[in-house]
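Step one of this worksheet: look at the structure below.
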Amino acid sequence: MPAQGAVAHIGVTLRPHRAYAAVVTGTTVDPVEPVAPARADLEGVIAAAAGVALRAPGGAGAVTVDLAPLLNDTLVRPEAEVPPVAVVRIVPRAATDPALGRSPAELVERRIARRWTVAGGHDLLGNELCPLDRAGLAALCEELGETGIRHVAVVAAGSQARPAHEREVADAILAAVPGARISVASDYGGQGLVAREATVVLDCALTALTERLLDRCERTLARLPGNLELRVARGDGGYSTPSRIRVTPVVAFGATEALELCGAAHLAGLDDCRVLLPRGGKLLAGEVRHGLAVVRPDEPAGIGTELVVPMAVLSPEPEDSSGHLRPAQPPHILACVGATISQPAAWLDEVAFIESADQLDHVRRDAEERATAMVMANGAAPGTTHVAEISTVALPYSPSGTVRVRVRVAGLPDTSLGRR
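Residue numbering for the sequence shown follows full-length UniProt numbering, starting at 1 and increasing by one per position.
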């Protein structure tokens, strides 16, 4: 785990109706209470935590915020206000069964105000299945402009391998509806039309709330001394810059569990362990390897479908859990600690076709290089990045040589960067 030295770092987790913070200086953890119960909100706990951190011998470092609990709470509450989302599917033909034209997750479907299907798309290897229907696209753009909807989720078959149709549709929509906020599935990779569509729908739905939360964080830090840098926790247990989370807010979804796992491991002085976390009166097991939470694309609690962004893998408590860590600290403290020790991270999940071992090596190197560039953009210091995980697995029911490539890269924070 990254050494903190004498510099004090602040972790903040935003729970419904209450924000929590902790200041971590090396192995010392100071839970923070706001100066008054009425200030137990985001601004109050950040200001109180900054007051503690700035008194540390090495001064205050960064503030890492876990937005995930509030994002999840907003999505699962039917009365919560989120912007209406339009969905554009780019597939060879529209679904003939109305049930197939919807998301199987009611929570996701509830956030969709309009749907369109445009003929087009590619297969997993990037071969065009159907030419893009540009006449249909033009009609769609005209209709969309009349709806007043400004948040659009675009998902194309095979865009993980070839995003050309998805990009053309997004460009046409932006030209027809200036200022539209468009989320495209090719930005996230992953497999499965349902999971990819759900990811971009939630990405659009979370935009307004994420903007408001980050604005509040940045305004609070701007009023405080110390030039504190703001970071935002990701679902894979790492962090990104606020500017990147504003563009891809769904990446922050599901961060809490990964932070709790890493926080528990850090407090126990372990880099590798299995941890039991309380959830809804039960205990769920997660794992930390080499200081990083084990993550995969998964179905978040209460959402009803898998997303393609990675989050901590949690499973029911095993019958024999004697080797598992049972942290004594409450979950919100674990999340705050995990936030302070998080690292810049990046994740790629793609499909490739290989015909030889040399070609496989090339595919892996290319994925590593692109993931490394992403983690540098997330705030990693030059020369500190490393491949935390890489796997290439043959895809069943696909042509021989088709493999799924997953790469996870992490790095150490660039301490020369100021507030973002």
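Virtual Cβ for every residue (Gly too), placed ideally from N, Cα, C.
Here L132 is buried. Its C-beta has 16 or more other C-beta atoms within 10 Å.
Using a Cβ-Cβ distance cut-off of 8 Å, the region 187 to 202 and the region 273 to 293 are not in contact, since fewer than three pairs of beta carbons, one from each stretch, lie closer than that value. Going by DSSP, V52 is part of the alpha helix (DSSP H) stretching over L42 to A53.
The beta carbons of L213 and L70 sit about 7 Å from each other, so the pair counts as a contact at 8 Å. A86 sits close to V152, with the two beta carbons spaced by under 7 Å. A Cβ-Cβ contact shorter than 7 Å links Y239 with S342. Residue state for S315 is assigned as strand, using DSSP reduced to three classes.
For the region 155 to 223, the full-length alpha helix (DSSP H) segments reaching 4 residues or more read 164 to 176, 193 to 205 and 207 to 222 along the chain. Excluding residues up to 5 positions away in sequence, P16 lie with their Cβ nearer than 6 Å to the Cβ of D73 in the same chain. Taking C-beta separations shorter than 6 Å and ignoring five residues to either side along the sequence, the partners of V409 in its chain run A346, A371, T372, V375, T385 and V387, following chain order.
G263 and G291 have their C-alpha atoms some 10 Å from each other. Exclusion of the five residues before and after R162 leaves H122 and G126 as the residues of its chain whose Cβ lies within less than 6 Å of its Cβ. In the same chain as P242, and ignoring 5 residues on each side of it, the C-beta atoms closer than 6 Å to its own belong to L214, L230, V232 and R420, in chain order. DSSP places L144 within a helical segment (H, G or I) once states are collapsed to three.
By the Cβ neighbour-count rule, S159 is buried, with 16 or more other Cβ atoms within 10 Å of its own.
Beta-bridge partners of V232 (DSSP): V65 and S240.
A straight line joining the alpha-carbon of R234 with that of T248 spans about 10 Å. Taking a contact to require three or more Cβ pairs closer than 8 Å, the region 319 to 329 and the region 361 to 368 do not qualify as touching. Where A371 is concerned, there is no enclosing beta strand (DSSP E), although the alpha helix (DSSP H) around it starts and stops at A357 to A377. Taking C-beta atoms as the reference points, I333 and P31 count as a pair closer than 7 Å.
Apart from the 5 residues on each side of it in sequence, V294 sits with its Cβ closer than 6 Å to the Cβ of E287 and V313 in its chain, given in chain order. Under the three-state reduction of DSSP output, I10 falls in the strand class. Taking the Cα positions, A119 is about 32 Å away from A252. Judged by their CB atoms, A113 and I149 are nearer to each other than the 7 Å cut-off. Around the beta-carbon of S103, 16 or more other beta-carbon atoms lie within 10 Å, marking it buried. Contact annotation: V24 and V351 have beta-carbon atoms that are not nearer than 7 Å. Remark: fewer than three beta-carbon pairs, one from each stretch, lie closer than 8 Å, so the region 46 to 62 and the region 308 to 323 are not flagged as touching. Within the model, the alpha-carbon separation for V12 versus L54 is close to 16 Å. In the structure shown, H151 falls within a strand segment according to DSSP collapsed to helix, strand and coil. Following the DSSP letters along the chain, one finds L277 inside the beta strand (DSSP E) bounded by residues C273 to R279. Shown here, I245 sits in a helix according to DSSP, grouped into three states. Closest in alpha carbon position to A40, among T28, S391, R18 and A56, is R18. Within a 10 Å sphere around the beta-carbon of G383 sit fewer than 16 other beta-carbons, which makes this residue exposed.
In the structure shown, D97 adopts coil according to DSSP, grouped into three states. DSSP places V309 in the coil class of the three-state scheme, outside both helix and strand.
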